[in-house]
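S.K.:
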Amino acid sequence: MASGDPYDAALDLLRRLNPKHVAEHVDNIITLVPELAEDLLSSVDQPLTLRRCKQTGRDYLLCDYNRDGDSYRSPWSNQFDPPLDEAGLGGVGAGGNSAGAGGGAVPSERVRKMEMKLNEAFDVYRELYFEGGVSSVYMWNLDDGFAGVVLLKKASGPNDGSSSGVWDSIHVFEASERGRTSNYRLTSTVLLSLATKGASLGEVDLSGNMTRQVEYDLPVENDESHIVNVGRMVEDMELSMRNLLQEVYFGKAKDVVGDLRSIGSLSEGQRDRDAQRELIGSMRR
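Under our numbering, think of the first position of the sequence shown as -12, with each following residue one higher.
1. Within 8 Å, do at least three Cβ pairs link the region -9 to 1 to the region 136 to 143?
2. Given 8 Å as the limit, is there contact between the region 108 to 115 and the region 226 to 238, that is, 3 or more CB pairs closer than that?
3. In angstroms with no decimal places, state the Cα-to-Cα distance between D131 and Y171.
4. Please report the distance separating the alpha-carbon of R39 from that of Y47.
5. Give me whichever residues DSSP pairs with D192 in a beta bridge.
6. Between C50 and T176, what straight-line distance do the alpha-carbon atoms span, to the nearest angstrom?
7. According to DSSP, is E161 helix, strand or coil?
8. Shortest alpha-carbon distance to D210 belongs to which of G166, R60, T43?
9. For L49, which beta-bridge partners are listed by DSSP?
10. Under 9 Å, Cβ to Cβ, is there at least one residue of chain C near L139?
11. At which residue ranges does the region 199 to 233 contain complete alpha helix (DSSP H) runs of 4 or more residues, listed in the order of the chain?
12. Give the range of the alpha helix (DSSP H) segment to which N106 is assigned.
13. Does DSSP put K41 in a helix, in a strand, or in coil?
14. Can you tell me the Cα-Cα spacing of G268 and Q233, whole angstroms?
15. Exposed or buried, S30, counting other C-beta atoms within 10 Å across all chains shown (16 or more means buried)?
16. Using a Cβ-Cβ cut-off of 7 Å (strictly less than) and excluding sequence neighbours within five positions of S64, which residues of its own chain qualify?
17. So if DSSP puts L274 in a beta bridge, which residue, or which two residues, is it bridged to?
18. So, under 8 Å CB-CB, P70 and N106 are touching, yes? Tell me the CB distance rounded to an integer number of Å.
19. Got a sec: does the ligand PLP put a non-hydrogen atom nearer than 8 Å to the Cβ of T36?
20. Taking the Cβ atom as the reference point for each residue, do L129 and S163 lie within a distance shorter than 9 Å?
21. Can you say whether G135 is buried or exposed, counting buried as having 16 or more other CB atoms within 10 angstroms of its CB?
22. Give the single residue among T183, G119, G185, D242 whose Cα lies nearest to the Cα of D155.
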């Protein structure tokens, strides 16, 4: 039975479509029902896209958390591209964020310093763990602390035209400061897309996403402690989700393929079955 709420119906439809093309599906739904644009863009995780910072020449990732209208804030320069109309979009942003020089909400000076340090830390993490790709961290103020998002993207181009893969991870965290401790809530989503084809394997397209949540109370001495705590939480979550993906996606795909087709020839399989029946028959005599 169809849902009476267009937003719920849109989410229900997206869950049934190929997750590899979620961005295209969202655009199509927004074209049909423009009033759902803001809700869908803020709630549906999509593969991350890149933009180059005009001030620093460095790549950064786009998401709803650094978007203001049709402009996106660079974590390297703290500027919006394209520049926002100061007269139309100035003022104080939600959650205590202040307005940037060119309009649009930017974090306070203290939170911006932590944002810069986290960007440096995850730039090193990305190079060590992914050996490439792009990372971006965005933060904003809350009434009792701060929040942020860590974005990581690694794309592997076609290898001799036979295989490709894309890893997108989105880690949204909130920190509620309580004196010498802080409560952290982390929601992580991984979007994985793999494709390969060849004469011996045929064509395989494996796509999906996974979301997990955790909550911790950790000791805090200063802002450096927040950097360490957030970095450790995201690193542990990425490791856990990689292991789950290994078991769920790759393990299940291997079982399905193994049931559908045989690696060896039919004649070899028949010989093995004949030998097995002969052995069982001799044991019964």
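Backbone N, C-alpha and C define an ideal beta-carbon position, used for all residues, glycine too.
M.R.: Once the coordinates are examined:
1. no
2. As far as the Cβ criterion goes, the region 108 to 115 does not touch the region 226 to 238, which means the pair count is below three.
3. Taking the sequence shown and counting its residues from 1, one reaches residue 131 at position 144. Taking the sequence shown and counting its residues from 1, one reaches residue 171 at position 184. Cα-Cα distance, rounded: 12 Å.
4. Residue 39 sits at position 52 when you count from the first residue of the sequence shown. Residue 47 sits at position 60 when you count from the first residue of the sequence shown. Their Cα atoms are separated by approximately 6 Å.
5. Taking the sequence shown and counting its residues from 1, the one referred to as residue 192 is at position 205. Paired residues: A182.
6. Numbered from 1 along the sequence shown, position 63 holds the residue referred to as residue 50. Numbered from 1 along the sequence shown, position 189 holds the residue referred to as residue 176. C-alpha separation (whole angstroms): 13 Å.
7. As a first step, residue 161 must be located in the sequence shown, where it is residue number 174. Here E161 sits in strand by DSSP.
8. For the purposes of this step, residue 210 is taken as the residue at position 223 of the sequence shown. Looking at the Cα atoms, G166 is the closest of the given residues.
9. Your numbering for residue 49 matches position 62 in the sequence shown. Per DSSP, the beta bridge partners of L49 are T36.
10. No chain C is part of this structure, which consists of one protein chain only.
11. 210 to 232
12. Along the sequence shown, one-based indexing puts residue 106 at 119. Element bounds for N106: 96 to 117.
13. Start at 1 with the first residue of the sequence shown, and residue 41 comes out as number 54. Coil at K41, not helix or strand.
14. For the purposes of this step, residue 268 is taken as the residue at position 281 of the sequence shown. For the purposes of this step, residue 233 is taken as the residue at position 246 of the sequence shown. Straight-line Cα distance between these residues: approximately 40 Å.
15. Looking up residue 30 in the sequence shown gives position 43. The residue is exposed, with fewer than 16 neighbouring Cβ atoms inside 10 Å.
16. Numbered from its first residue, the sequence shown carries residue 64 at position 77. Cβ neighbours of S64 beyond the five flanking positions: C40, Q42, T43.
17. Because the chain here runs from -12 to 272, residue 274 falls outside it and cannot be looked at.
18. Counting from 1 along the sequence shown, the entry for residue 70 is found at position 83. Counting from 1 along the sequence shown, the entry for residue 106 is found at position 119. Actually they do not touch by this definition, with Cβ atoms about 21 Å apart.
19. As presented, the structure is devoid of all ligands, the ligand PLP included, so that no description of it is given.
20. Working through the sequence shown from its first residue, we reach residue 129 at position 142. Working through the sequence shown from its first residue, we reach residue 163 at position 176. Contact: yes.
21. Locating residue 135 in the sequence shown gives position 148, where the first residue counts as 1. When all chains shown are included, G135 counts as buried.
22. On the sequence shown, residue 155 is found 168 positions in, with the first residue counted as 1. Checked all of T183, G119, G185, D242; the closest Cα to D155 is G119.
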